[in-house]
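Asker: Per the numbering used here, the very first residue in the sequence shown carries number 1; after that it's consecutive.
For glycine and all other residues, C-beta sits at the position ideal for the given N, C-alpha and C.
Sharing a structure with you now.
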Amino acid sequence: MAQILFMRHPETEGNVAHWYSGRRNVELSDRGAEQCARAIRALVAWQPDVIVSSPLVRCRSIAFGAAICLGLEPIIDDRLIEIDFGAIESMTSSEARAQGLVFPWPVDEDGVSHPVPGGESFEHIEARAQAFLDDVRWLDGRIACVAHGGMMRAIMAAAYGMDLSKFWDMSIDNVTSQIFLAQDGRLQLSAMGLTPEEVAARGLAWQAERRET
1 MAQILFMRHP ETEGNVAHWY SGRRNVELSD RGAEQCARAI RALVAWQPDV IVSSPLVRCR
61 SIAFGAAICL GLEPIIDDRL IEIDFGAIES MTSSEARAQG LVFPWPVDED GVSHPVPGGE
121 SFEHIEARAQ AFLDDVRWLD GRIACVAHGG MMRAIMAAAY GMDLSKFWDM SIDNVTSQIF
181 LAQDGRLQLS AMGLTPEEVA ARGLAWQAER RET
């Protein structure tokens, strides 16, 4: 059996300013730096066997910090990178609307998404999420994945066949986590929206249980 944890990155300056950062490397906010420290402590307490991260710095800040403490070599997986916002990258939502560009992408009556020029379709990000899940669902042990809000929504959509017009409606806060159990390739959502402290508590409880057995 595997336990697969997906944690969102800390708050960035882009999150604070409400602009679409997408594939850009963006500095953490002051609050994000504090969240990063909490997230690192949480992953260390959770004791993963493997840490996988998006290539962007806002995710690697957690993954590498925890990996150093645990003596692990983090794995960078490009499939976990954030959605490409194309023409609206670095814009605020109001700036995008002023140019007639909208996000979330419109989804037509046939269920097909229509991104702005250069943007990644919902179908494509869900396919990336599905490919990643198809790999990790067959692993054993505890796998911690640090990714983005968009990718975590896509993970949920891929795992449960969600309607593309609805999956972006989920609210996923910075440094919150979802945990799946996987056995024989079957995924089961075990927890959603965990704070770093809740992740740490689960890790400490697991360590105590191991000592008793």
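(1) Under 9 Å, do V136 and M7 count as touching if we go by C-beta distance?
(2) For Q99, which of P117, E123, D110 has the nearest alpha-carbon?
(3) Helix, strand or coil, according to DSSP, for M170 in the structure here?
(4) Going by Cα to Cα distance, which pick from S171, V52, A37, L181 is closest to A159?
(5) Look up T260 in the DSSP assignment and give the residues it is bridged to.
(6) I'd like to know whether the C-beta atoms of S21 and S90 end up nearer to each other than 9 Å.
(7) Can you grab the Cα-Cα spacing for the pair S190 / K166, in whole Å?
(8) For Q3 and I179, what's the separation of their Cα atoms in angstroms?
(9) Measuring only the C-alpha atoms, how far is D134 from G185?
(10) Give me the Cα-Cα distance between Q35 and A66, rounded to the nearest whole angstrom.
(11) When you compare the region 102-117 with the region 139-150, are there three or more beta-carbon pairs, one atom per stretch, that lie closer than 8 Å?
(12) Is DSSP giving F64 helix, strand or coil here?
(13) Are the CB atoms of C59 and H124 nearer to each other than 9 Å?
Answerer: A quick look at the data gives this:
(1) Residue numbering aside, residue 136 sits at position 136 when the sequence shown is read from its first letter. Residue numbering aside, residue 7 sits at position 7 when the sequence shown is read from its first letter. Contact annotation: V136 and M7 have beta-carbon atoms that are not nearer than 9 Å.
(2) In the sequence shown, residue 99 corresponds to position 99, counting from 1. Q99 has its Cα closest to that of P117, out of P117, E123, D110.
(3) Numbered from 1 along the sequence shown, position 170 holds the residue referred to as residue 170. Look at M170 here: in three-state DSSP terms it is coil, with no helix or strand label.
(4) As a working mapping, residue 159 is identified with position 159 in the sequence shown. Comparing alpha-carbon positions, the option among S171, V52, A37, L181 lying closest to A159 turns out to be L181.
(5) Not covered by the structure: residue 260. The range shown for the chain is 1 to 213.
(6) For the purposes of this step, residue 21 is identified with residue 21 of the sequence shown, where counting begins at 1. For the purposes of this step, residue 90 is identified with residue 90 of the sequence shown, where counting begins at 1. Cβ distance < 9 Å, so S21 and S90 count as in contact.
(7) To locate residue 190, count along the sequence shown from 1; it is residue 190. To locate residue 166, count along the sequence shown from 1; it is residue 166. Roughly 21 Å separates the two Cα atoms.
(8) Translated into the one-based positions of the sequence shown, residue 3 becomes position 3. Translated into the one-based positions of the sequence shown, residue 179 becomes position 179. Spanning the two alpha carbons is a distance of roughly 7 Å.
(9) Taking the first residue of the sequence shown as 1, we reach residue 134 at position 134. Taking the first residue of the sequence shown as 1, we reach residue 185 at position 185. In this structure, the alpha-carbon of D134 lies about 8 Å from that of G185.
(10) Along the sequence shown, one-based indexing puts residue 35 at 35. Along the sequence shown, one-based indexing puts residue 66 at 66. Straight-line Cα distance between these residues: approximately 13 Å.
(11) Below 8 Å, too few C-beta pairs join the region 102-117 and the region 139-150 to call them touching: fewer than three.
(12) Here residue 64 is taken as the residue at index 64 of the sequence shown, counted from 1. In this structure, DSSP gives F64 a helical state, which the three-state scheme calls helix.
(13) In the sequence shown, counting from the first residue as 1, residue 59 sits at position 59. In the sequence shown, counting from the first residue as 1, residue 124 sits at position 124. Going by C-beta atoms, C59 is not nearer than 9 Å to H124.
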